[in-house]
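These notes are about the structure you will find just below.
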Amino acid sequence: MTIRLGGIIFGLGLTAVLLLWSLLPGALNFAFPEKPDYYAFQEKNISPEGGFSFEGPMGNWDTQQLQRGYQVYKEVCSACHSLQYVAFRNLEDLGYSEAEVRAEAASWMVPGIDDKDGSAIERPGIPTDYFPAPYANDVEARAFNNNAIPPDLSLITKARKDGVNYVYSLMQGYNEPDPADVAKSPDFETPPGLYFNEYFYNINIAMPPQLLPDIVTYADGTEATTEQMSADVTAFLTWAGEPSLIQRKQTGFFVIAFLLFATGLGFLSYKSVWAGMKPKKK
Amino acid sequence: MSFAWANQYEPKTDFTKWIDEKLPLPRLVYSAIGAGYPVPRNLNYMWNFGVLAGFFLVFQIITGVVLAMHYAANTEVAFGQIEHIMRDVNYGWLMKYGHANGASFFFMVIYLHIFRGFYYSSYKAPREMIWLLGVVIFLLMMATAFMGYVLPWGQMSFWGAKVITGLFGAIPFIGEPLQVWLVGGYAPNDSTLNRFFSLHFLLPFVILGVVILHIWALHIPGSSNPSGVEVKKESDTVPFHPYYTAKDGWFLGLILTFFATMVFFAPNLLGHPDNWVEANPLSTPALIVPEWYFYPFYAILRAFTGDLTIPFTGIVLIEAKLLGVIAMFASILVWFFLPWLDKSPVRSGAYRPLFKKFFWVFVVCMAGLFYLGGAKPEEPFIVLSQIFTAYYFLHFLVILPIVSQIEIPKPMPFSITEAVLGRDDDAGSPPTPPAAGKPDSDAPDGALQPAE
Numbered sequence: 001m002t003i004r005l006g007g008i009i010f011g012l013g014l015t016a017v018l019l020l021w022s023l024l025p026g027a028l029n030f031a032f033p034e035k036p037d038y039y040a041f042q043e044k045n046i047s048p049e050g051g052f053s054f055e056g057p058m059g060n061w062d063t064q065q066l067q068r069g070y071q072v073y074k075e076v077c078s079a080c081h082s083l084q085y086v087a088f089r090n091l092e093d094l095g096y097s098e099a100e101v102r103a104e105a106a107s108w109m110v111p112g113i114d115d116k117d118g119s120a121i122e123r124p125g126i127p128t129d130y131f132p133a134p135y136a137n138d139v140e141a142r143a144f145n146n147n148a149i150p151p152d153l154s155l156i157t158k159a160r161k162d163g164v165n166y167v168y169s170l171m172q173g174y175n176e177p178d179p180a181d182v183a184k185s186p187d188f189e190t191p192p193g194l195y196f197n198e199y200f201y202n203i204n205i206a207m208p209p210q211l212l213p214d215i216v217t218y219a220d221g222t223e224a225t226t227e228q229m230s231a232d233v234t235a236f237l238t239w240a241g242e243p244s245l246i247q248r249k250q251t252g253f254f255v256i257a258f259l260l261f262a263t264g265l266g267f268l269s270y271k272s273v274w275a276g277m278k279p280k281k282k
Numbered sequence: 001m002s003f004a005w006a007n008q009y010e011p012k013t014d015f016t017k018w019i020d021e022k023l024p025l026p027r028l029v030y031s032a033i034g035a036g037y038p039v040p041r042n043l044n045y046m047w048n049f050g051v052l053a054g055f056f057l058v059f060q061i062i063t064g065v066v067l068a069m070h071y072a073a074n075t076e077v078a079f080g081q082i083e084h085i086m087r088d089v090n091y092g093w094l095m096k097y098g099h100a101n102g103a104s105f106f107f108m109v110i111y112l113h114i115f116r117g118f119y120y121s122s123y124k125a126p127r128e129m130i131w132l133l134g135v136v137i138f139l140l141m142m143a144t145a146f147m148g149y150v151l152p153w154g155q156m157s158f159w160g161a162k163v164i165t166g167l168f169g170a171i172p173f174i175g176e177p178l179q180v181w182l183v184g185g186y187a188p189n190d191s192t193l194n195r196f197f198s199l200h201f202l203l204p205f206v207i208l209g210v211v212i213l214h215i216w217a218l219h220i221p222g223s224s225n226p227s228g229v230e231v232k233k234e235s236d237t238v239p240f241h242p243y244y245t246a247k248d249g250w251f252l253g254l255i256l257t258f259f260a261t262m263v264f265f266a267p268n269l270l271g272h273p274d275n276w277v278e279a280n281p282l283s284t285p286a287l288i289v290p291e292w293y294f295y296p297f298y299a300i301l302r303a304f305t306g307d308l309t310i311p312f313t314g315i316v317l318i319e320a321k322l323l324g325v326i327a328m329f330a331s332i333l334v335w336f337f338l339p340w341l342d343k344s345p346v347r348s349g350a351y352r353p354l355f356k357k358f359f360w361v362f363v364v365c366m367a368g369l370f371y372l373g374g375a376k377p378e379e380p381f382i383v384l385s386q387i388f389t390a391y392y393f394l395h396f397l398v399i400l401p402i403v404s405q406i407e408i409p410k411p412m413p414f415s416i417t418e419a420v421l422g423r424d425d426d427a428g429s430p431p432t433p434p435a436a437g438k439p440d441s442d443a444p445d446g447a448l449q450p451a452e
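Chains as they are written, first to last, in the numbering used here: chain P, 1 to 282; chain A, 1 to 452.
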């Protein structure tokens with residue numbers, strides 16, 4: 001009885017404190033809200049027509065696309081963005097042979113030490129090296145980029161909400177603000193050194209537009225439109241973020257097929273074990 | 001520890017006889033989860049989640065031990081070690097995603113297990129100790145899961161740890177030194193990561209120990225059942241094996257199929273993208289939230305937005321933060337008192353018309369808190385979380401004690417056998433009219449088994 005009485009007193013007391021001191025002032029604020037800090041620009045992410053080849057349970061890499069995306073990363077993105085968790089040896093996933101990977105690795109300069117005197121030098125990469133970072137440290141990165149640090153791209157498609165479509169959208173989001181949206185957000189402006197991008201969470205992004213048409217010349221002759229390059233580099237970065245993506249899905253089919261089979265057998269044995277019991281009513 | 005009609009273990013071969021003499025472990029298993037444990041015959045699928053929880057505990061320990069072989073608790077390298085596991089370790093991605101989603105499934109089945117307990121009053125005498133140990137397990141699980149989420153050292157790991165350890169700072173007088181002592185510094189750092197790794201490795205085995213006590217305590221009165229009537233005779237029960245091993249077995253397969261679908265096709269569905277960004281003490285995420293399984297309690301914590309003041313004087317009695325912390329801890333501690341708050345002699349919610357209504361309101365309230373805990377701290381979510389938080393406490397502390405006093409329960413079946421078959425030849429009074437065949441038709445009142 002004491003416990004119940006104590007419970008009722010504590011419960012009523014806590015509820016009263018909550019309702020009178022937290023809910024009441026909050027509800028007044030709710031009823032007469034201050035003007036919210038509101039941007040009308042934010043767009044829903046877009047995806048390429050027909051989606052990406054790796055999407056869906058049956059998806060697979062399009063190695064041609066991955067190679068094109070790698071070319072975009074190498075020739076454009078890598079000037080400012082690192083890819084620290086990917087090694088050159090991983091490029092074999094993209095359909096390159098071992099010799100091609102070796103040659104590709106050698107085309108990058110990575111930090112090393114001189115064999116003779118141990119001084120810091122730059123040497124051509126070997127397959128076991130990881131992609132080199134464009135800046136020595138964050139301070140240098142800031143100094144070169146108008147006080148913004150270009151994020152590492154190894155995990156970018158997983159590190160953003162709806163990341164795959166986000167990267168694809170962001171690459172194509174450098175448009176003029178919609179005048180109707182501007183009218184709704186009168187205090188909107190794009191400060192100098194920033195660029196309007198309707199998909200960026202902060203609307204104004206420090207990265208200038210990069211994937212201008214024909215900024216790369218694709219080895220396979222594909223026309224390098226902004227849309228094409230956005231899709232290709234997104235596919236490449238998705239692979240970079242999770243090289244095991246396709247293996248994971250393919251393993252999943254076997255595991256689920258086995259589990260369904262085992263569950264089916266288990267259900268039949270359950271039925272047979274319980275067959276002797278009188279059926280439950282209802 | 002069991003019913004008189006329980007099957008007895010009989011070793012058949014010389015070897016098993018020899019073992020039985022020296023160490024009767026097979027006998028223990030036989031009586032605990034084998035043919036020697038009589039279980040009510042009418043258990044529904046809500047009684048499957050205890051076994052599932054046990055499965056996920058073992059699964060988490062196995063995947064966790066493997067992950068620990070490849071992990072390093074050092075803030076410089078921890079995030080990269082996870083990527084090493086994901087990319088270089090053979091099937092490391094399977095271990096990592098299995099462990100992360102395994103935690104989610106563990107909590108899912110535990111929540112269903114707990115709500116089974118709420119509806120069928122599994123906490124009532126003679127099963128209070130099972131319930132109390134269960135709440136201890138839940139608290140240990142929360143601590144373990146929280147510390148585990150810090151280990152990948154992503155943005156949400158760091159900021160989640162900062163917010164949750166910061167709660168201790170709200171305690172008057174000793175709060176700040178206590179927080180610094182727990183964290184090993186003023187913000188999560190290398191010491192924090194190391195001690196969390198150590199404890200994250202230790203606590204699952206503590207949980208395992210308490211689980212053994214939980215099952216031990218269960219075997220003294222035996223399992224409860226959906227009718228809420230205690231077992232009276234042999235026809236009320238079936239041996240655990242093969243009846244419930246078969247039922248648990250196929251149901252485990254079903255849940256594992258859902259689990260595999262998550263792990264292989266949507267492993268990041270329940271996670272936060274921010275945790276794929278390495279921890280950065282200088283960059284606060286836009287929205288700091290814990291994992292989904294803490295949302296209800298996080299919603300309760302955030303519901304207290306105003307200091308408790310003496311009106312018109314500006315004197316603060318208790319700060320909002322401390323109120324939130326008190327409420328959050330109280331929201332689980334109140335479960336410890338549940339066996340004494342709800343004094344209705346009837347166990348099963350099926351025979352408690354008034355309780356049943358409030359139970360479903362409470363389910364809606366919990367669902368609301370689950371949603372609100374992950375929502376942005378803006379209106380209308382704040383007001384809603386305050387209303388649901390108020391109901392949460394009113395439900396346990398005011399509604400349950402009063403309902404259990406004033407409620408008139410429905411008539412109950414004489415025995416489990418009658419609940420299942422609609423009749424029981426042993427029932428002392430005239431049997432239920434066969435036409436009705438419902439437990440709530442007009443079974444004799446004398447069949448009520450007061451819990452007190």
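A virtual CB, placed ideally from N, CA and C, is assigned to each residue, including glycine.
Could you please give the first and the last residue of the uninterrupted alpha helix (DSSP H) stretch that includes Met147 of chain A? 128-150
Own chain partners of Leu132 of chain A with C-beta closer than 7 Å, once the 5 adjacent residues on each side are dropped: Phe336
As assigned by DSSP and simplified to three states, the class of Ala99 of chain P: Helix, per DSSP.
Environment of Val363 of chain A [buried if 16+ CB atoms lie within 10 Å]: exposed
Would you tell me roughly how many angstroms separate the C-alpha atoms of Gly117 of chain A and Ala27 of chain P, rounded to the nearest one? Rounded to whole angstroms, Gly117 of chain A and Ala27 of chain P show a C-alpha spacing of 35 Å.
Using DSSP with H/G/I as helix, E/B as strand and the rest coil, what is Glu122 of chain P? DSSP places Glu122 of chain P in strand when its eight states are reduced to three.
Report yes if the C-beta distance between Gly373 of chain A and Phe304 of chain A is below 9 Å; otherwise report no. Contact check for Gly373 of chain A against Phe304 of chain A fails: the beta carbons are separated by 9 Å or more.
Which residue marks the beginning of the alpha helix (DSSP H) containing Ile164 of chain A, and which one marks its end? 155-166
Determine the direct distance from the alpha carbon of Glu128 of chain A to that of Asn45 of chain P, and round the result to whole angstroms. 52 Å
In the DSSP assignment, the beta strand (DSSP E) including Met109 of chain P goes from what residue to what residue? 109-113
Quick one: Cα of Leu83 of chain P to Cα of Asp152 of chain P, how far? 6 Å
Can you list, in chain order, the residues of its chain whose CB lies under 6 Å from that of Val110 of chain P, leaving out five sequence neighbours each side? Gly125, Asp129, Pro132
Of the residues that make up the region 251-266 of chain P, which ones have a beta carbon closer than 7 Å to any beta carbon in chain A? Thr251, Gly252, Val255, Ile256, Leu259, Leu260, Ala262, Thr263, Gly266
Contacts that Ala159 of chain P makes with chain C (C-beta to C-beta distance below 8 Å): The structure shown contains no chain C; its protein chains are P and A.
Between Arg352 of chain A and Val346 of chain A, how many whole angstroms is the CB-CB distance? I'm expecting something under 8 Å. 5 Å
In angstroms with no decimal places, state the Cα-to-Cα distance between Gly169 of chain A and Glu319 of chain A. 12 Å
Under 8 Å between beta-carbons, which chain P residues line up against Tyr149 of chain A? List them in chain order, please. At a beta-carbon threshold of 8 Å, none of the residues of chain P lie near Tyr149 of chain A; the nearest stands roughly 16 Å away.
For Ala99 of chain P and Arg89 of chain P, the rounded distance between their alpha carbons: If you take the alpha carbons of Arg89 of chain P and Ala99 of chain P, they lie about 11 Å apart.
Are the C-beta of Arg248 of chain P and some C-beta of chain A separated by less than 9 Å? yes
Run down chain A in chain order and give the residues with a C-beta less than 7 Å from the C-beta of Pro57 of chain P. Phe265
Min CB distance Pro431 of chain A to chain P below 9 Å: Low local confidence applies: a pLDDT of 45 at Pro431 of chain A is under 50, so the model's placement there is unreliable, with the coordinate-based value given in what follows. Judged by the 9 Å Cβ criterion, Pro431 of chain A is not in contact with chain P.
Pick from P:Ala240, P:Gly264, P:Gly56 that is closest to Gly252 of chain P, judged by C-alpha positions: Minimum Cα distance to Gly252 of chain P is reached at P:Gly56.
Residues that Tyr195 of chain P bridges to, as DSSP identifies them: P:Ile205
Listed in chain order, which residues of the region 342-360 of chain A have Cβ atoms closer than 8 Å to some Cβ of chain P? So the list reads Lys343, given in the order they occur along the chain.
Give the secondary structure of Ile149 of chain P by DSSP, where H, G and I count as helix, E and B as strand, and everything else as coil. In this structure, Ile149 of chain P counts as coil in the three-state DSSP scheme.
Please list the terminal residues of the continuous beta strand (DSSP E) segment that includes Pro48 of chain P. Here Pro48 of chain P belongs to no beta strand (DSSP E), and DSSP marks it neither H nor E.
Check the Cβ of Met86 of chain A against every Cβ in chain P and list those closer than 8 Å, keeping chain order. Glu242, Ser244
Could you say which of A:Pro296, A:Glu76, A:Glu378, A:Asp425 lies nearest to Ile332 of chain A if we only look at CA atoms? Nearest of A:Pro296, A:Glu76, A:Glu378, A:Asp425 to Ile332 of chain A, Cα basis: A:Pro296.
Quick one: what does DSSP say Val255 of chain P is sitting in, helix, strand or coil? If DSSP states are grouped into helix, strand and coil, Val255 of chain P belongs with the helices.
With contact counted as at least three CB pairs below 8 Å, one residue from each stretch, are the region 93-110 of chain A and the region 34-41 of chain A in contact? no
Taking the beta carbon of Ser223 of chain A as the centre, do at least 16 other beta carbons fall within 10 Å, making it buried, or is it exposed? Buried.
Straight-line CA distance for Trp159 of chain A to Ala125 of chain A? 42 Å
Are at least three pairs of beta-carbons, each pair with one atom in the region 307-319 of chain A and one in the region 176-184 of chain A, less than 8 Å apart? no
Closest Cβ-Cβ distance between Leu307 of chain A and chain P: below 9 Å? According to the sequence displayed, residue 307 of chain A carries Asp and not Leu. Interface residue, yes.
Against chain P, does Tyr97 of chain A count as a neighbour if the rule is that its beta carbon must be under 9 Å from one of theirs? yes
Provide the residue span of the beta strand (DSSP E) that contains Ile318 of chain A, from first to last. Run containing Ile318 of chain A: 315-318, per the beta strand (DSSP E) assignment.
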